[in-house]
Amino acid sequence: MIPRLLLCISLALSAFGQKKALVGGTLIDGYGGRPIPNSVILIDGEKIQAVGQVGTLPVPPDAQVISTEGLPPAIISDIRESLRHIDQLDYFRMVPPRKPTLKRKFQQLRESGAVLLIGTDSGVPTQFHTQTTWNEIDVWVRVMGVDAMDAIRAATFWPAVAMKIEREVGTVTPGKYADIIAVRGDVLRHVDLLQNVDIVMKHGVRYK
Numbered sequence: 330m331i332p333r334l335l336l337c338i339s340l341a342l343s344a345f346g347q348k349k350a351l352v353g354g355t356l357i358d359g360y361g362g363r364p365i366p367n368s369v370i371l372i373d374g375e376k377i378q379a380v381g382q383v384g385t386l387p388v389p390p391d392a393q394v395i396s397t398e399g400l401p402p403a404i405i406s407d408i409r410e411s412l413r414h415i416d417q418l419d420y421f422r423m424v425p426p427r428k429p430t431l432k433r434k435f436q437q438l439r440e441s442g443a444v445l446l447i448g449t450d451s452g453v454p455t456q457f458h459t460q461t462t463w464n465e466i467d468v469w470v471r472v473m474g475v476d477a478m479d480a481i482r483a484a485t486f487w488p489a490v491a492m493k494i495e496r497e498v499g500t501v502t503p504g505k506y507a508d509i510i511a512v513r514g515d516v517l518r519h520v521d522l523l524q525n526v527d528i529v530m531k532h533g534v535r536y537k
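Each residue of the sequence shown is one higher than the one before, starting from 330 at the first, in the working numbering.
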């Protein structure tokens, strides 16, 4: 069974919960370090208490253990129908003329030293709120040639820095809010796996 990868997400929603332990997945974090296989993330209430590995970081006996290995991906059943005849919309007739210069403009911004963040057009045709973030990360990597870890950091760590809340969210670090998602597979090799999120935790409370 392929372990899930854990990604810190920059959310700031209020919720409360008991002690929890996310156990077994490979941790990929916004700070940019090497992935941690067989990771353990201890959460006390809303915040991350400690980060380590199975066998080195003990799980408290009173913690709720949440395995990060093996839940099936969620499926959104109505997407196919909603994508019918999108080529007839005026919005998509404007896209082709813009494409030839888009990649070069993107590269120029990066070469200038500008810090680019993942942002979406949620709400426009086919840009569903459930998929726009992972889709943009995928485009950065697959089309724009950005390293997968850099793209993930542009969706987690750097937005937290831009909002001046990097001491609260943005990385899986003790003392920060436990805002975490988990997916199955190696997103550093196949970043589009982010479309299948198995676990969603906000402020230490599991919502999925």
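Every residue gets a Cβ at the ideal spot worked out from N, C-alpha and C, and that includes glycine.
Buried versus exposed call for residue i [16 or more other C-beta atoms within 10 Å across all chains shown]
i    : result
H532 : buried
T430 : exposed
D476 : exposed
P402 : In this prediction, P402 scores a pLDDT of 45, lower than 50, which makes its location untrustworthy; the coordinate-derived value is nonetheless stated afterwards. Answer is exposed; the Cβ neighbour count stays below 16.
I405 : With a pLDDT of only 44 at I405, under the threshold of 50, the placement of this residue in the model should not be trusted; the figure read from the coordinates follows. With fewer than 16 Cβ atoms within 10 Å of its Cβ, I405 is classed as exposed.
V501 : buried
V424 : exposed
K537 : exposed
Spatial distance of residue i from residue j (CA atoms)
i    : j    : result
L446 : P387 : 36 Å
L438 : K348 : 43 Å
V472 : T485 : 20 Å
A350 : D419 : 49 Å
K380 : P503 : Sequence inspection shows Val at residue 380; the Lys mentioned does not correspond to that position. Approximately 7 Å, taken between the alpha carbons.
P488 : D373 : 24 Å
Q436 : V534 : 39 Å
V498 : D358 : 11 Å
F421 : K428 : 12 Å
P389 : K434 : 51 Å
M530 : V352 : 14 Å
R513 : P426 : 37 Å
L336 : V526 : Bear in mind that the predicted position of L336 carries a pLDDT of just 48, short of 50, making it unreliable; the figure below should be weighed with that in mind. Computed Cα separation, rounded: 10 Å.
R496 : A483 : 16 Å
I494 : K432 : 30 Å
K505 : S441 : 31 Å
G448 : I509 : 19 Å
CB of residue i within 9 Å of CB of residue j, strictly
i    : j    : result
I507 : I377 : It is worth fixing the name first, because residue 507 is Ala in this sequence and not Ile. It is a contact, given that the beta carbons lie within the stated cut-off.
T461 : D479 : no
I528 : I395 : yes
P366 : Q382 : yes
N464 : Q524 : yes
D515 : T355 : yes
Cβ-heavy atom distance, residue i to the ligand GDP, below 8 Å
i    : result
G514 : Judged by which ligands are present, the structure shown has none, so any question about the ligand GDP falls away.
Among the options, the one whose alpha carbon lies nearest that of residue i
i    : options                   : result
D521 : D467, G499 and I481       : D467
S368 : T397, G361, G359 and G504 : T397
A392 : R422, I370, G384 and T385 : I370
G361 : D373, Y536, L517 and E375 : L517
A491 : R513, V352, N464 and A443 : A443
H519 : K505, W469, K434 and G448 : W469
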